[in-house]
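The end of the sequence shown is residue 346 by my numbering, with every number in the run present. Cβ atoms here follow ideal geometry from the backbone N, Cα and C, with glycine treated the same way.
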Amino acid sequence: QRACDEYIKAHGPLKSYSKYQPPPNVVWDDEKYQGDAYGTYAWAVYVAEVTVDMLTYEAHVQDFVAVQEVGKVINPVLAAGQIEGGVAQAIGFTLFENVVWANGRMENNQMTNYIIPTPADIPPIRVYFEENPYAYGPAGAKGIGELPMDGAAPAILSAIENATGVSISHVPLMPEALMEELDATRG
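So, in structure tokens, the structure goes:
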């Protein structure tokens, strides 16, 4: 602390300036809104382990593994937390959050009737990183927040299909919907 105080006293606040330069192969026209909008992509693999109660038709995620390629991980704790939060949110919109609309209004707009997962509904989420620094990202990083929202739901639905033999392609998957799907396959 003393060294910082002495530096600021002698030189003033430390300042840094930078300007983003897109990669040379990325062309974007702001007027036409056309071109390559993204210089790079991050990648992920998700695996969910689920149980399905065949009496209540409730599905529960028991374990979740997320492997992310996000360039260079700058802060591993915050990066893992970002992924854990995204997976938890995806569990919510996959298995719990059923929006009910009537006459253009959301009917279940309260915490008493719009169900979200509680901590008891969130499984262990194991996060692993594959680092492949990106030359044009800040400190080699790429985007990280979108992946858990895109990949977790299909992983959960695939695990449910593996457990039940029924392919589901919609969310949220409420117990009633799973019951209807299973009944339809049984004839």
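Counting only the Cα atoms, Lys191 lies some 51 Å from Ala162. Your pair Glu228 and Asn291 checks out as a contact, with CB atoms roughly 6 Å apart and the cut at 8 Å. Between the C-alpha atoms of Gly198 and Ala279 there is a straight-line separation of about 39 Å. Cβ contact annotation for Thr323 (same chain, cutoff 7 Å, sequence separation greater than five): Val211, Leu341, in chain order. Put simply, the stretch 253-261 does not touch the stretch 235-242. Fewer than three CB pairs are less than 8 Å apart. For Ala169, the number of other beta carbons within 10 angstroms of its own is below 16, and it is reported as exposed. The beta carbon of Ile250 lies closer than 6 Å to those of Val220, Pro276 in the same chain, with the five residues before and after it left out.
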